[in-house]
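Let me begin by presenting the structure, written as structure tokens, before commenting on it.
Residue numbers (this note's numbering), protein chains in the order written: chain A, 2 to 139; chain B, 13 to 139.
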């Protein structure tokens with residue numbers, strides 16, 4: 002089982018991700034966190050394999066949060082989900098230790114695959130995030 | 013297929029609703045709007061089976077839009093969603109003519125059953 006922590010300040014979206022992940026057999030949601038402090042506490046306590054993180058985790062953005070997780074020595078792979086993926090944010094996120102990046106509109110079709118990919122140690126970019134990163138959509 | 017329209021002024025909430033609709037093979041999203049007037053236009057033009065509408069919205073709120081849908085005798089059934097819960101606000105929704113009411117905290121679990129119920133002609137009120 003891949004043990005996952007969901008960190009997003011929007012409860013309904015956490016609920017939606019849980020519903021989708023409960024449909025796959027190899028991923029377990031171990032807990033949820035609405036902000037950075039909660040996420041850090043739960044990472045310490047639960048040592049998840051993967052953290053799914055909103056591109057803004059109050060009070061900082063995902064690149065800053067990922068850098069902080071690396072400083073603290075957390076081994077979890079970091080998958081960022083964004084409403085509006087932007088080139089600069091994706092680039093900064095990868096440089097800060099983020100492992101995967103996807104658009105929230107792809108949660109139904111790509112979330113499980115993205116989790117498995119970053120869990121295996123790969124760098125993951127979803128189709129829509131990839132279009133932004135490659136300049137297909139500005 | 014149940015033809016569904018969504019109306020909410022928060023883009024991220026609409027995204028969550030879209031993702032929930034995609035869990036069902038029986039539902040088709042026919043339009044998505046961010047205020048009550050656009051929702052009314054959508055209902056008039058496309059006559060979806062069910063309109064899921066936020067009670068609090070700019071231009072024309074969910075209650076006013078629902079009343080207009082009832083007044084002009086459009087066949088679309090309305091499911092009102094609300095950030096706050098309770099019998100007072102659910103009664104307001106019922107008085108406006110909504111066939112269902114859901115608090116946003118309950119959406120992940122009950123949105124699809126609520127849409128199916130109002131589509132069948134039943135009432136679905138969860139205060």
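Where a beta carbon is used, it is the ideal one built from N, C-alpha and C, also for glycine.
All values derive from a computational prediction rather than experimental measurement.
Under three-state DSSP, which class holds residue i?
i, result
"residue 127(B)", "helix"
"residue 85(B)", "coil"
"residue 45(B)", "strand"
"residue 120(B)", "helix"
"residue 40(A)", "helix"
"residue 38(B)", "coil"
"residue 31(A)", "strand"
"residue 71(B)", "coil"
"residue 20(A)", "helix"
"residue 97(B)", "coil"
"residue 18(B)", "strand"
"residue 76(B)", "helix"
"residue 26(B)", "helix"
"residue 132(A)", "helix"
"residue 62(A)", "strand"
"residue 64(B)", "strand"
"residue 55(B)", "helix"
"residue 132(B)", "coil"
"residue 77(A)", "coil"
"residue 11(A)", "coil"
Compute the beta-carbon to beta-carbon distance between residue i and residue j, rounded to the nearest angstrom, for a pair I have assumed lies under 8 Å.
i, j, result
"residue 79(B)", "residue 109(B)", "6 Å"
"residue 48(B)", "residue 62(B)", "Going by Cβ atoms, the distance from residue 48(B) to residue 62(B) rounds to 16 Å, so no, they are not a contact pair."
"residue 44(B)", "residue 86(B)", "Going by Cβ atoms, the distance from residue 44(B) to residue 86(B) rounds to 18 Å, so no, they are not a contact pair."
"residue 113(B)", "residue 82(B)", "In fact, because the Cβ distance is near 15 Å, the residues do not count as touching under 8 Å."
"residue 14(B)", "residue 127(B)", "6 Å"
"residue 55(A)", "residue 8(A)", "7 Å"
"residue 73(A)", "residue 41(A)", "7 Å"
"residue 17(A)", "residue 120(B)", "6 Å"
"residue 104(B)", "residue 75(B)", "6 Å"
"residue 5(A)", "residue 116(A)", "6 Å"
Would you list the one or two residues that DSSP bridges to residue i?
i, result
"residue 55(A)", "82(A)"
"residue 113(B)", "92(B), 137(B)"
"residue 6(A)", "32(A), 52(A)"
Worksheet entry | Segment contact flag, the region 45 to 53 of chain A with the region 89 to 96 of chain A, C-beta cutoff 8 Å, min 3 pairs | no
Item to complete: Count the CB pairs spanning the region 107 to 122 of chain A and the region 33 to 45 of chain A that are closer than 8 Å, and state whether there are at least three.
Response: no
Practice prompt. Would you list, in sequence order, the uninterrupted alpha helix (DSSP H) runs of no fewer than 4 residues that lie entirely inside the region 86 to 130 of chain A?
Written response: 88 to 96, 108 to 120
Worksheet item: Just checking, does the region 97 to 108 of chain A make contact with the region 69 to 86 of chain A on the three C-beta pairs under 8 Å criterion?
Response: yes
Worksheet entry | Sufficient close CB pairs (3 or more, under 8 Å) joining the region 14 to 32 of chain A to the region 59 to 74 of chain A | no
Item to complete: Give a yes or no on contact between the region 31 to 41 of chain B and the region 106 to 114 of chain A, applying the rule of three or more CB pairs nearer than 8 Å.
Response: yes
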